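Okay, structure first, notes after.
Following this line, the structure appears as structure tokens:
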């Protein structure tokens, strides 16, 4: 094969030589893995290889300098090197230089035959690789090489490392007992997550980790690798639907990287959307909503960056920032004379897993001198149902502090009423999907009526969120709902503006008047 390819390549014009090299790579992919060749010749040809496990999946050719003439010498040397390096490439990954799957499994087999004692195998996945490769392959490979190099430098002597997939490094802890090996894996994970400084950019890598043990999870390396791969955490972001364009992928990656620094660089802000009680004729509080003003992209929609926060495992950090900021602003309202207002802060499902959440809430309230009765914590219906027993315990502890509790987006999830009746919450918020159609659709109106009656039967406050028209307000009032939040009354307001309006004794009258006056706009109400 190499000789026939060489005959076709020698003397070919520059574009034809590149095309033939690619075709040759495709023909070889089932015979053996190809070498990763970076061949900078006088003609300026560079060939980049990307491999998946032991087989070549793609051979991409890129012309760095389009010089005229033939590539005779360059192509001849290329063919020679491909043939010479074929065997070595089967043993070492072309980008990282680590042993590939086959030699890694052989190392496991030798250790098992020699010792036969229980051992741990860890798997660390560089989850950014595919997204990076989508728009900058050279930087992706550079980052992967640094990622693997750090692990190789940090791992203890005697352990085995292997590049068992294009973005996965496996560690066989051959010389450590199980408990010790787990500690080493945690330390290696910390090393892997440190910033990577490449020629193109600085990267905070997303790393997914799993661990399996011999002999419990498998008796040979291949089986252990399969188990470890299946057990990888799903922390990386996956694209559902149409693939992202290169520009969209670059922008998405920028968001992921910059989110880690957004708090430290003061790019986040909190806005507050008023909550109006029409029966009482007053403003009773506001929901705190996070906003991100990206230094390059400008304002980024919460619908876009909040899922990224959750996927990157930053929910605890961002949630604590939101709680602290909201309590600080609510304390300022009180200082300005608005004593009776309550601030609502959203909790994420991940925050429910924090065993110290109640203590953090208590410390935050004390730091800002805010009474617990001035704070309301919101949890979506879906998150509340994810671990009903844990939620009941957490809500009970928070309730003991004096904090109010609300179920957000009620009606959008799949609730178990037996769980709901045991949750010690004070308010349910009807999902805006039903609210915005309550005046037009009989089914939405019927659902709203049922939810309002459920709340009344459980002695709960019921809030309709996302209200936008006087007709929606009237329809919901007729069903027995009197607490509202939405653009009909006010857009979310910056902290300083909300504080100013909260101190204005005439502001509640203007907001309540919005319920029936179709001529008033949210902008006029906030004037």
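Numbering (this note's numbering), first residue to last: 1397 to 1923. Even for Gly, the Cβ is constructed at its ideal location relative to N, Cα and C. The structure presented is a predicted model; accordingly, all values stated were derived computationally and were not measured.
With H, G and I counted as helix, E and B as strand and the rest as coil, what does DSSP make of residue i?
i            : result
residue 1757 : helix
residue 1775 : strand
residue 1704 : helix
residue 1593 : strand
residue 1552 : coil
residue 1875 : helix
residue 1516 : strand
residue 1714 : helix
residue 1750 : coil
residue 1454 : Annotation note: pLDDT 30 at residue 1454 (below 50); position unreliable, coordinate value reported separately. Strand, per DSSP.
residue 1803 : strand
residue 1907 : helix
residue 1654 : helix
residue 1487 : helix
residue 1769 : helix
residue 1673 : strand
residue 1881 : strand
residue 1533 : helix
residue 1420 : Legend: pLDDT at residue 1420 = 41, less than 50; position of this residue unreliable, no value from coordinates given.
residue 1792 : helix
residue 1545 : helix
residue 1659 : coil
residue 1572 : coil
residue 1511 : coil
List the whole-angstrom C-beta distance separating residue i from residue j, where the pair is believed to meet the contact cut-off of C-beta under 8 angstroms.
i            : j            : result
residue 1798 : residue 1768 : 3 angstroms
residue 1567 : residue 1540 : Not confirmed; about 16 angstroms, so no contact.
residue 1703 : residue 1686 : Their Cβ separation, rounded to whole angstroms, is 13 angstroms, which puts residue 1703 and residue 1686 out of contact at 8 angstroms.
residue 1802 : residue 1825 : 6 angstroms
residue 1726 : residue 1762 : No, residue 1726 and residue 1762 are not in contact; Cβ-Cβ is about 14 angstroms, not under 8 angstroms.
residue 1894 : residue 1682 : 6 angstroms
residue 1742 : residue 1788 : Incorrect: roughly 19 angstroms between the Cβ atoms, too far for contact.
residue 1606 : residue 1627 : 4 angstroms
residue 1580 : residue 1572 : 6 angstroms
Using the beta-carbon count (16 or more within 10 Å), is residue i buried or exposed?
i            : result
residue 1593 : exposed
residue 1838 : exposed
residue 1561 : buried
residue 1739 : buried
residue 1513 : exposed
residue 1517 : buried
residue 1901 : exposed
residue 1933 : Summary: the structure shown does not reach residue 1933, with the chain confined to residues 1397 through 1923, and so no result is reported for it.
residue 1677 : exposed
residue 1489 : buried
residue 1666 : buried
residue 1696 : buried
residue 1495 : buried
residue 1595 : exposed
residue 1684 : buried
residue 1553 : exposed
residue 1858 : buried
Spell out whether any CB of chain B is found under 9 angstroms from the CB atom of residue i.
i            : result
residue 1906 : Among the protein chains of the structure shown there is no chain B, as only one such chain exists.
Could you pull out every residue in the same chain whose Cβ sits closer than 6 angstroms to the Cβ of residue i, ignoring the five residues on either side in sequence?
i            : result
residue 1680 : 1671 and 1673
residue 1760 : 1719, 1720 and 1723
residue 1903 : 1897
residue 1536 : 1525, 1528 and 1529
residue 1804 : 1774, 1776 and 1825
residue 1880 : 1672, 1860 and 1863
Let me check one thing: in DSSP terms, what residues is residue i bridge-paired to?
i            : result
residue 1689 : 1695
residue 1825 : 1859
residue 1738 : 1681
residue 1895 : None, per the DSSP bridge assignment.
residue 1521 : 1564 and 1604
residue 1889 : 1668
residue 1559 : 1565
residue 1495 : 1488
residue 1609 : 1516
residue 1598 : 1593
Looking only at its own chain, which residues have a Cβ that is under 7 angstroms from the Cβ of residue i, when we skip the five neighbours before and after it?
i            : result
residue 1500 : 1556, 1558, 1560, 1566 and 1617
residue 1806 : 1777, 1824, 1825, 1826, 1827 and 1847
residue 1543 : 1522, 1588, 1592 and 1601
residue 1780 : 1787, 1803 and 1819
residue 1655 : 1701, 1704, 1705, 1708 and 1710
residue 1756 : 1716
residue 1878 : 1673, 1674 and 1675
Which same chain residues, not among the five before or five after residue i, have their C-beta less than 8 angstroms away from its C-beta?
i            : result
residue 1754 : 1790, 1793, 1794 and 1797
residue 1659 : 1713, 1714 and 1717
residue 1835 : 1841, 1865, 1867, 1868, 1870 and 1871
residue 1849 : 1876
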